[in-house]
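Number of protein chains: 2
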Amino acid sequence: MIRRGLVDDSIGLKYGAGGRAMRALIERVCLAGIGAAPVDGIGLAAMDDGAAIRVGDQWLVITTDSHVVHPLEFPGGDIGRLAISGTVNDLAVMGATEPLALTCAVILEEGFSRASLEQVYVSIRRACEEAGTTIVTGDTKVMGRGEIDGLVLNTTGVALCKRVIPDAGLEPGDLLIVTGTIGDHGMAIMAARHKLALEGDLRSDVAPINGLIRVALAAGGLDLVAMKDPTRGGVSSALHEMAEKGGVGIIVDEMQVPVRQQVRAACDLLGIDPLAVANEGKALIGVRPDAADRVLTALRRHPLGAEAAVIGRCIDQHAGAVMLDTGFGRRMLAEPEGELLPRIC
Amino acid sequence: MIRRGLVDDSIGLKYGAGGRAMRALIERVCLAGIGAAPVDGIGLAAMDDGAAIRVGDQWLVITTDSHVVHPLEFPGGDIGRLAISGTVNDLAVMGATEPLALTCAVILEEGFSRASLEQVYVSIRRACEEAGTTIVTGDTKVMGRGEIDGLVLNTTGVALCKRVIPDAGLEPGDLLIVTGTIGDHGMAIMAARHKLALEGDLRSDVAPINGLIRVALAAGGLDLVAMKDPTRGGVSSALHEMAEKGGVGIIVDEMQVPVRQQVRAACDLLGIDPLAVANEGKALIGVRPDAADRVLTALRRHPLGAEAAVIGRCIDQHAGAVMLDTGFGRRMLAEPEGELLPRIC
Numbered sequence: 245m246i247r248r249g250l251v252d253d254s255i256g257l258k259y260g261a262g263g264r265a266m267r268a269l270i271e272r273v274c275l276a277g278i279g280a281a282p283v284d285g286i287g288l289a290a291m292d293d294g295a296a297i298r299v300g301d302q303w304l305v306i307t308t309d310s311h312v313v314h315p316l317e318f319p320g321g322d323i324g325r326l327a328i329s330g331t332v333n334d335l336a337v338m339g340a341t342e343p344l345a346l347t348c349a350v351i352l353e354e355g356f357s358r359a360s361l362e363q364v365y366v367s368i369r370r371a372c373e374e375a376g377t378t379i380v381t382g383d384t385k386v387m388g389r390g391e392i393d394g395l396v397l398n399t400t401g402v403a404l405c406k407r408v409i410p411d412a413g414l415e416p417g418d419l420l421i422v423t424g425t426i427g428d429h430g431m432a433i434m435a436a437r438h439k440l441a442l443e444g445d446l447r448s449d450v451a452p453i454n455g456l457i458r459v460a461l462a463a464g465g466l467d468l469v470a471m472k473d474p475t476r477g478g479v480s481s482a483l484h485e486m487a488e489k490g491g492v493g494i495i496v497d498e499m500q501v502p503v504r505q506q507v508r509a510a511c512d513l514l515g516i517d518p519l520a521v522a523n524e525g526k527a528l529i530g531v532r533p534d535a536a537d538r539v540l541t542a543l544r545r546h547p548l549g550a551e552a553a554v555i556g557r558c559i560d561q562h563a564g565a566v567m568l569d570t571g572f573g574r575r576m577l578a579e580p581e582g583e584l585l586p587r588i589c
Numbered sequence: 245m246i247r248r249g250l251v252d253d254s255i256g257l258k259y260g261a262g263g264r265a266m267r268a269l270i271e272r273v274c275l276a277g278i279g280a281a282p283v284d285g286i287g288l289a290a291m292d293d294g295a296a297i298r299v300g301d302q303w304l305v306i307t308t309d310s311h312v313v314h315p316l317e318f319p320g321g322d323i324g325r326l327a328i329s330g331t332v333n334d335l336a337v338m339g340a341t342e343p344l345a346l347t348c349a350v351i352l353e354e355g356f357s358r359a360s361l362e363q364v365y366v367s368i369r370r371a372c373e374e375a376g377t378t379i380v381t382g383d384t385k386v387m388g389r390g391e392i393d394g395l396v397l398n399t400t401g402v403a404l405c406k407r408v409i410p411d412a413g414l415e416p417g418d419l420l421i422v423t424g425t426i427g428d429h430g431m432a433i434m435a436a437r438h439k440l441a442l443e444g445d446l447r448s449d450v451a452p453i454n455g456l457i458r459v460a461l462a463a464g465g466l467d468l469v470a471m472k473d474p475t476r477g478g479v480s481s482a483l484h485e486m487a488e489k490g491g492v493g494i495i496v497d498e499m500q501v502p503v504r505q506q507v508r509a510a511c512d513l514l515g516i517d518p519l520a521v522a523n524e525g526k527a528l529i530g531v532r533p534d535a536a537d538r539v540l541t542a543l544r545r546h547p548l549g550a551e552a553a554v555i556g557r558c559i560d561q562h563a564g565a566v567m568l569d570t571g572f573g574r575r576m577l578a579e580p581e582g583e584l585l586p587r588i589c
């Protein structure tokens, strides 16, 4: 494991932003405190999108996320849709595309409007319907005025599957597919937050993609070897993690990365690399080279995968590094410290 | 189902306090929004301590809780111990005393001290060891200064079991056992919060009690018919819920309710009924009358059950009501609107 930096004495915003700083915090504080407790399967030490526990001849996959997005509503979605999609997608990229059930715990600020809360629950229901799952249990807490900013959700999901797809499964020669355009979620939040008068329509891609992943798994079979959803820290952060865990180098072909025109324009204006911007309805899929065409074809037939593309390949040098082939040359892509904005999800 | 009051347009503190108001919020907003989605087992509509889903010939029990206790450390425990105990105990009172795994999601305020966070994780580890379980996955978010008060945890637990014990299983004639003294947690928090100079040592009872429940289940077998942990809203709130769901009346013999001397003194001083004060290491167990002695004997042999007592019985009148036999007469015990203090757990 690559040795990360120390953790500051005081936890700053970057430690919750999905990148290098957050991973250091988890390794040095959370894991160090809890200890490497044994579990028959994939546990916390794997730092994957979730855990997997042996139950008979199946795997029970479990994942949890708190959602602190600000604002609660944004173009393309809201915190309810985000919570359900985030949890369903974390299960899906572990190979568990049929969520058995979700839990939903809500923390409210005193004085929060009942009407807004009702709207969040309607949004939760719709996203559950899209994903083919349901909330089976929950929890409700209220904190005083000024003790929490509005509303925070936690969702946990469980699913059974026969085969777990780790994020660590890449080998030299494997190809990397992204299931669609990148940067849509992060730029939509940024525009909503700062009321940026950006040209065009910036909309979050937030959606449950377990149906899309199911199609990829059916097409790829055992040749689909690694998956991850590029949320906080974007494609760059996710690829760095996959490269490090798989012990490979990854070369990204920048010209092949699908980016919507309006996202590209906003990123250019603000000097941001779309590769470092969060997504909430996309997956990175690692496949053996022979399987790339059939997985890509299957993805593109699905409404959520029409713009899927092969964007990179794995090499046996520079283990843990991600390099960008710009069309004019190659340069190392630094791992983001974290997401550019706090409270993106 | 008894028709509860309407929910205010603005969510006040009482809606997170575990009593009548919170149940109204869950029924009228959360459940109404999500809809009665079908699940093969016990789902959200049952409003039990968790949900249970059929998996082969077993039940997968799942429960979730957010923890917002203030202060983070208090006599007898801290938020880490509270989170693990609360989740393990919710599983245990459903009959699932062998937790497969827990998840732990943390939300931090920018500037939170690393040393305090490390202490919370040590406490989490110790409580997991006591309960015989482990954290398998987590999530980390950071909110800005003033956007959240310090630290909030969410824990979700999963367990497999052969038989689910509902909180709705009471019938006329059944007896109710409490596994030990009541009111310890709530009064310890109150004293810590308000720096009350109360006589004696007020300490929270926070502990994982899955080992204790295991002993009760082994002794009671099929004659152990209902369980609930009396957390927010105390024994009173839990008994009201059990009475309503079981369609029975419950008579509580006040003289038999175990209350520590210092808790009794503090309650008297403040004019609080210990029956309405939160517990974090106790269970209410409903048994067929013939089984009461053997369950009680088994509980009392366990270090956490030494003060277990039969405190009530179920009758076929006054369905949903709880009556207090004071030794001088009977009176109706009103269901608390909620816990007396916010952020008790």
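Chains as they are written, first to last, in this note's numbering: chain A, 245 to 589; chain B, 245 to 589.
Even for Gly, the Cβ is constructed at its ideal location relative to N, Cα and C.
Near residue i, what residues of its chain come up, given a Cβ to Cβ distance below 7 Å and the 5 sequence neighbours on each side ignored?
i	result
Arg544/B	Ala550 and Ala552
Taking C-beta pairs closer than 7 Å, name the residues in chain B that residue i reaches, listed in chain order.
i	result
Glu391/A	Asp393
What in chain B is Cβ-close to residue i, meaning under 8 Å?
i	result
Ala295/A	Ala345, Thr347, Val380 and Thr381
Ile526/A	Residue 526/A is actually Lys in this sequence, not Ile. Under the 8 Å cutoff, chain B gives no residues; its nearest Cβ is about 19 Å from Lys526/A.
Asp449/A	Simply none; closest approach about 20 Å.
Applying the criterion that 16 or more other CB atoms from any shown protein chain within 10 Å of the CB defines a buried residue, is residue i buried or exposed?
i	result
Phe318/B	buried
Thr377/B	buried
Thr570/A	exposed
Gly260/B	buried
Met245/B	Any answer about Met245/B is weak, because its pLDDT of 41 lies below 50 and its placement is not dependable; what the coordinates show is given next. Classification for Met245/B: exposed.
Arg574/B	exposed
Pro547/B	exposed
Asp237/B	Since the first residue shown for chain B is 245 and the last is 589, residue 237/B is missing from the structure and cannot be characterised.
Pro452/A	buried
Ile438/B	First, the amino acid is wrong: residue 438/B is His here, not Ile. With fewer than 16 other Cβ atoms within 10 Å, it is exposed.
Pro533/B	exposed
Ala460/A	buried
Arg389/B	exposed
Ile572/B	The amino acid at residue 572/B is misidentified as Ile; the sequence shows Phe. Exposed is the call here.
Thr347/A	buried
Arg298/B	exposed
Ala340/A	buried
Arg370/A	exposed
Asp292/A	buried
Met576/B	exposed
Would you say the beta carbon of residue i is closer than 6 Å to some non-hydrogen atom of the ligand FMN?
i	result
Thr423/A	Absence of the ligand FMN from the depicted structure is noted, as is the absence of any ligand whatsoever, leaving it without description.
Can you pull the chain A neighbours of residue i, defined as C-beta to C-beta under 9 Å?
i	result
Met387/B	Leu257, Gly260, Val312, His314, Ile392, Asp393, Val396, Pro586 and Arg587
Met266/B	Thr384 and Val386
Ile253/B	Per the sequence shown, the amino acid found at residue 253/B is Asp instead of Ile. The contacting residues are Ser357, Arg358 and Ala359.
Applying a beta-carbon distance threshold of less than 9 Å, which residues of chain B neighbour residue i?
i	result
Val299/A	Val299, Gly300, Gln302, Leu304, Leu344 and Leu404
Tyr270/A	Checking the sequence, you will find Ile at residue 270/A rather than Tyr. What Ile270/A touches in chain B: Gly382 and Thr384.
Within the same chain, show all residues whose beta-carbon is closer than 6 Å to that of residue i, passing over the 5 residues directly before and after it, in chain order.
i	result
Trp303/A	Ala296, Cys405 and Val408
Gly324/B	Val364, Ser367 and Ile368
Ala432/A	Phe318, Pro319, Gly320, Leu446, Arg447 and Ser448
Ala327/B	His311, Leu397 and Thr399
Pro586/A	Leu257
Output, in chain order, the set of chain A residues within a Cβ distance shorter than 8 Å of residue i.
i	result
Val273/B	Arg358, Leu361, Glu362 and Tyr365
Ile433/B	Within chain A, no residue comes near Ile433/B; the closest Cβ sits about 14 Å away, beyond 8 Å.
Which bits of chain A does residue i rub up against, with CB to CB less than 7 Å?
i	result
Gly455/B	Near Gly455/B there are no residues of chain A at all, since even the closest Cβ is about 18 Å away, more than 7 Å.
Ile351/B	Ser310, Val312 and Val396
Who are the Cβ neighbours of residue i in its own chain at under 8 Å, not counting the five residues just before and after it?
i	result
Arg247/A	Reliability fails at Arg247/A, whose pLDDT of 48 lies under 50, so the model's placement of it is uncertain and the value that follows must be treated cautiously. Closer than 8 Å at the Cβ level, and outside the excluded window around Arg247/A, lies no residue.
Cys372/A	Ile328, Leu346, Thr378 and Ile379
Residues of the stretch 355–371 of chain A with a CB closer than 8 Å to any CB of chain B: list them in chain order, please. Answer set for the stretch 355–371 of chain A: Gly355, Phe356, Ser357, Arg358, Ala359, Leu361, Glu362, Val364, Tyr365, Val366, Ile368 and Arg369.
On the three-pair Cβ rule with 8 Å, is the stretch 374–385 of chain B touching the stretch 261–271 of chain A? They touch, by the three-pair rule.
Residues of the stretch 392–418 of chain A whose Cβ lies closer than 8 Å to any Cβ of chain B, in chain order: Flagged, chain order: Ile392, Asp393, Val396, Asn398, Thr400, Val402 and Leu404.
Would you call the stretch 251–263 of chain B and the stretch 524–535 of chain A in contact, with 3 or more CB pairs under 8 Å? Because the criterion of three Cβ pairs below 8 Å is not met, the stretch 251–263 of chain B and the stretch 524–535 of chain A do not touch.
Using a Cβ-Cβ cut-off of less than 7 Å, give me the residues of the stretch 474–492 of chain A that come near chain B, in sequence order. Those would be none; no residue qualifies.
Any 3 or more C-beta pairs closer than 8 Å across the stretch 489–504 of chain B and the stretch 294–308 of chain B: Contact between the stretch 489–504 of chain B and the stretch 294–308 of chain B is not established, with fewer than three Cβ pairs separated by less than 8 Å.
Below 8 Å, how does it come out for the stretch 328–346 of chain A and the stretch 467–483 of chain A: are there three or more Cβ pairs, yes or no? Contact between the stretch 328–346 of chain A and the stretch 467–483 of chain A is present, because at least three Cβ pairs lie under 8 Å.
Is there contact between the stretch 501–521 of chain B and the stretch 390–398 of chain B, where contact requires at least three CB pairs shorter than 8 Å? They do not touch, by the three-pair rule.
Name, going along the chain, the residues of the stretch 490–519 of chain B whose beta-carbon falls closer than 7 Å to a beta-carbon of chain C. Absent from the structure is chain C; the protein chains it does hold are A and B.
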